[in-house]
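These notes are about the structure you will find just below.
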Amino acid sequence: MRVQDSLEYLSETTQQAILVEQRKRFGIADDMDLSSRLQDPHFLGQVWDQAGELERTVIRLFVTRATRGFFSKRSWERETAKEHRHLSVGLTKLRRLGLILTVRKMWSEIGYFMPQEVREQMTLYLLPEPSQAFVSLSKTLPYYIPAGRGIQLDLFGLLVFIRENQVPVTQKGAIHRRMSQKMQPLLSLTDEHAKGLVLPPLNQEPREGLALTITLDLALRLGLIQTSERRLLIQPYQIQQWLSQSPPERWEQLFEMAIQQYLPHGGWWDAFVQIMKAVSLDQWCFLEAQLSMLETAGFALPSEAKSLVTEQWLHLLAGMGWIELGQGDDQKLYWRWNSLPRLTAEEGWFIDPAGAITIPPLVPLQDVWEISKLCQLEFDGPLIRGELSARMLQSYLTAGATEQQALEILRSGCAHPLPEGLIEMIHQWAKTARQIQMEPCFCVRTAHAGFVEEWKQISEFRPFLSQVISPTEFLIPQGMEFALISTLRQFGYEPQVLSHFSALSAGADSTTDEKGRNGLFLVERPWDGYAVENTFPEPTDGIPEIVSLPKVWTQHFQSYHPQSMRDLFKRSVELQLEVDYQLRGQEKLRGTPLEVRVELGYWMVTMETETGKHRYRMEDMERVRIVVPQYLY
Numbered sequence: 017m018r019v020q021d022s023l024e025y026l027s028e029t030t031q032q033a034i035l036v037e038q039r040k041r042f043g044i045a046d047d048m049d050l051s052s053r054l055q056d057p058h059f060l061g062q063v064w065d066q067a068g069e070l071e072r073t074v075i076r077l078f079v080t081r082a083t084r085g086f087f088s089k090r091s092w093e094r095e096t097a098k099e100h101r102h103l104s105v106g107l108t109k110l111r112r113l114g115l116i117l118t119v120r121k122m123w124s125e126i127g128y129f130m131p132q133e134v135r136e137q138m139t140l141y142l143l144p145e146p147s148q149a150f151v152s153l154s155k156t157l158p159y160y161i162p163a164g165r166g167i168q169l170d171l172f173g174l175l176v177f178i179r180e181n182q183v184p185v186t187q188k189g190a191i192h193r194r195m196s197q198k199m200q201p202l203l204s205l206t207d208e209h210a211k212g213l214v215l216p217p218l219n220q221e222p223r224e225g226l227a228l229t230i231t232l233d234l235a236l237r238l239g240l241i242q243t244s245e246r247r248l249l250i251q252p253y254q255i256q257q258w259l260s261q262s263p264p265e266r267w268e269q270l271f272e273m274a275i276q277q278y279l280p281h282g283g284w285w286d287a288f289v290q291i292m293k294a295v296s297l298d299q300w301c302f303l304e305a306q307l308s309m310l311e312t313a314g315f316a317l318p319s320e321a322k323s324l325v326t327e328q329w330l331h332l333l334a335g336m337g338w339i340e341l342g343q344g345d346d347q348k349l350y351w352r353w354n355s356l357p358r359l360t361a362e363e364g365w366f367i368d369p370a371g372a373i374t375i376p377p378l379v380p381l382q383d384v385w386e387i388s389k390l391c392q393l394e395f396d397g398p399l400i401r402g403e404l405s406a407r408m409l410q411s412y413l414t415a416g417a418t419e420q421q422a423l424e425i426l427r428s429g430c431a432h433p434l435p436e437g438l439i440e441m442i443h444q445w446a447k448t449a450r451q452i453q454m455e456p457c458f459c460v461r462t463a464h465a466g467f468v469e470e471w472k473q474i475s476e477f478r479p480f481l482s483q484v485i486s487p488t489e490f491l492i493p494q495g496m497e498f499a500l501i502s503t504l505r506q507f508g509y510e511p512q513v514l515s516h517f518s519a520l521s522a523g524a525d526s527t528t529d530e531k532g533r534n535g536l537f538l539v540e541r542p543w544d545g546y547a548v549e550n551t552f553p554e555p556t557d558g559i560p561e562i563v564s565l566p567k568v569w570t571q572h573f574q575s576y577h578p579q580s581m582r583d584l585f586k587r588s589v590e591l592q593l594e595v596d597y598q599l600r601g602q603e604k605l606r607g608t609p610l611e612v613r614v615e616l617g618y619w620m621v622t623m624e625t626e627t628g629k630h631r632y633r634m635e636d637m638e639r640v641r642i643v644v645p646q647y648l649y
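According to my numbering, the stretch in the sequence shown is residues 17 to 649, in order.
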């Protein structure tokens, strides 16, 4: 759970109380809001630098032991059993600073959670320098699974296929086997890349077709497709938004989604991702050295950590085209980031006079989407190739576009002037595009001409306005109706749908709400079922036993009745609290009571001091006082 999502549950009063605590403790004078403050590396650095040992221990536990930064109350008490009272004080202080939030289930089960951005920053303070694992290799090492061309291109190919084909789904939302077999060759992510995934419910999925399942899951979560009337439909508005992102933005979004969905749970897994994020592009890293760095930082790794991280994570990232893997002659494993998915898009395509198109890797995907309407694309590694065809051009024109629009698409991203022969060929194909044709379509009627004129200026509406038949009316082909309704609602319009289409529309909306961006399956998170509790803890929260001690025992160094003396020492033994004490005629001493018992009719107390263990008769104690630890203040 991220900071912004967590703070939505806190009232303004609670957030202000946390900010006041931060200002009081660190002398902060800025006017930053709580969300920005908790994501500010400078502030988190202040917290780490000035944290006491108890607070640092709690931070280490949440980073190295908590699953995705979450402890249930029971697991926290189990983890801190030996020093629960002391560490509860550190926990309370971090809760008052907002670095750890209290969460609760409906039936009152409590937990504690460190938001993602806080946990990631604190992880960096524990890890050694990432350069310790950097290596220089003279050549690219071989590996038995080739890397994919890029999940963004796999998604692109999938979207084009769904746009051009009817893709039915079963009643349970799965793709029919016959259609799956047609779609799988579109992907460079293979089942071999994904077979190591064992998170529930992925471990229940058939291994065959798992790569397609993952790609469809991502497309649904991104909102690029939806299920409606037992078939898959593309979402033009969301596709335009996604394609218009810069490659680094698109990569960041997909990578975070992959972490949330497919990264195995556990503290060391998240920390390994942090190590990966600190590595620059194209820098080779020695995997075993990075795992050793995790152990040095205090993470508990299983003996098979190398094979786990390779099969359950690195193979998936390689299949998505994000990393390259290599194995040396000594069987040691190395990896590096592939820079291509994150480089700025800046290249154009090349078209020969016969209509063959070559699209380099850095052409903006938004431009490639437009040209895919004119030719069938094939992926050749990072390159995309295509060939203009009369059939696709004529289909494009019969959908309402013009010859000039087709030429403009080709010119817009071409690295050179279009060949004259190609222009003439397109002109000839266009002549036969519109002779006599009949096709089902929908008529969209607006209340006045201003709507259509306004929509012409908005790029998301232009795909629907290719057949304007009057100032207030236009036609759309059958199959685009749900996409238009979605786009209208995206911009705040609520269309009135007539005829039999109304039933279909209602069905589409309910399916969208149910599936929406939830993907094909739900990977359970440790904090599922919990909600952030709107609370600001008192400084004494978690130590009620000490708070309830009689103040005379903690504030006054004095003599006591024998029974009160015995009660005081017994209580200090239970709470493991130090005691100041003075024997008759001697100086004041300090020690920790270990045991109170009767021996030969005398009450005896065993004390542990700087000089070792000593046993005293209580009747020889002249004055005593329980010492409240300084860290409580």
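Even glycine gets a Cβ: it sits at the ideal position worked out from N, Cα and C.
All figures in this text were calculated on a predicted structure; none of them were measured in a lab.
Asked, Found
"Tell me, which residues are paired with Q392 by DSSP?", "E403"
"Who pairs with F537 in a beta bridge, going by DSSP?", "Looking at the DSSP assignment, F537 forms no beta bridge with any residue, so it has no partner."
"To the nearest whole angstrom, what separates the beta carbons of N550 and S204, a pair I think is in contact under 8 Å?", "Not quite, the Cβ-Cβ distance comes to about 47 Å (not below 8 Å), so this is no contact."
"Whether or not the stretch 259 to 273 and the stretch 373 to 393 are in contact is what I'm after, with contact meaning three or more pairs of Cβ atoms, one per stretch, closer than 8 Å; do they touch?", "yes"
"Taking DSSP's pairing of strands, which residues face V644 in a bridge?", "Beta-bridge pairing links V644 to no other residue."
"I need the boundaries of the alpha helix (DSSP H) containing K155, first residue and last residue.", "Unbroken run through K155: none, as it is neither H nor E."
"DSSP on M620, reduced to helix/strand/coil?", "strand"
"Pull up the distance between the alpha-carbon of L115 and that of A287, whole angstroms please.", "18 Å"
"Can you tell me the Cα-Cα spacing of I34 and L113, whole angstroms?", "6 Å"
"Would you check if the stretch 182 to 195 and the stretch 409 to 422 touch, i.e. whether three or more CB-CB distances between them fall below 8 Å?", "no"
"Is the beta carbon of I400 closer than 9 Å to that of I425?", "no"
"With a threshold of 7 Å on Cβ separation, who are the neighbours of H331 within its own chain once the five nearest residues in sequence on each side are excluded?", "I161, H209 and G212"
"Quick check: the Cα distance between Q506 and R478, rounded to an integer number of angstroms?", "15 Å"
"Pick out the complete alpha helix (DSSP H) segments inside the stretch 44 to 129, 4 residues or longer, and give them in chain order.", "50 to 54, 57 to 66, 69 to 80, 89 to 95 and 100 to 112"
"Tell me where the beta strand (DSSP E) around Y597 begins and ends.", "V595 to L599"
"Classify M336 as helix, strand or coil using the three-state DSSP reduction.", "coil"
"Go ahead and label S595 buried or exposed: buried means 16 or more other beta carbons lie within 10 angstroms of its beta carbon, across all protein chains shown.", "With the sequence shown as reference, residue 595 is identified as Val, and Ser is not the correct amino acid for it. Buried is the call here."
"Under a three-way DSSP split, which group does M408 fall into?", "helix"
"Can you tell me which residues form a DSSP beta bridge with E615?", "Y618"
"Nearest-angstrom Cα distance between S518 and R358?", "Confidence is the limiting factor: at S518 the pLDDT is only 41, short of 50, which leaves the residue's position unreliable and the question unanswerable from this model."
"With V460 as the anchor, note down where its beta strand (DSSP E) starts and where it stops.", "C457 to R461"
"Can you tell me whether DSSP reads L434 as helix, strand or coil?", "coil"
"Enumerate in chain order the residues of its own chain whose CB-to-CB distance from G535 is below 6 Å, with the five nearest sequence positions on each side excluded.", "D233, L236 and R237"
"Does DSSP put T374 in a helix, in a strand, or in coil?", "strand"
"Got a sec? Which residues, its chain only, sit under 8 Å from S296 by beta carbon, not counting five neighbours each side?", "W353"
"DSSP three-state call for E489: helix, strand or coil?", "strand"
"Between which two residues does the beta strand (DSSP E) harbouring Y632 extend?", "G628 to R633"
"Can you tell me whether E311 is helix, strand or coil according to DSSP?", "helix"
"Which class does Q20 belong to by DSSP, given the choice of helix, strand or coil?", "helix"
"Please return the same chain residues whose Cβ sits closer than 7 Å to the Cβ of E561, not counting the five positions on each side in sequence.", "L591"
"With DSSP run on the structure shown, which of helix, strand or coil describes R165?", "coil"
"Helix, strand or coil for Y25, going by three-state DSSP, please let me know.", "coil"
"Along the chain, where does the beta strand (DSSP E) containing S244 start, and where does it finish?", "I241 to S244"
"Keeping to the same chain, check which residues put their C-beta closer than 8 Å to that of H100; ignore five residues upstream and five downstream.", "E93"
"Please state the DSSP three-state secondary structure of E469.", "helix"
"Pick out whichever of S482, K155 and V325 has its Cα sitting closest to the Cα of G344.", "K155"
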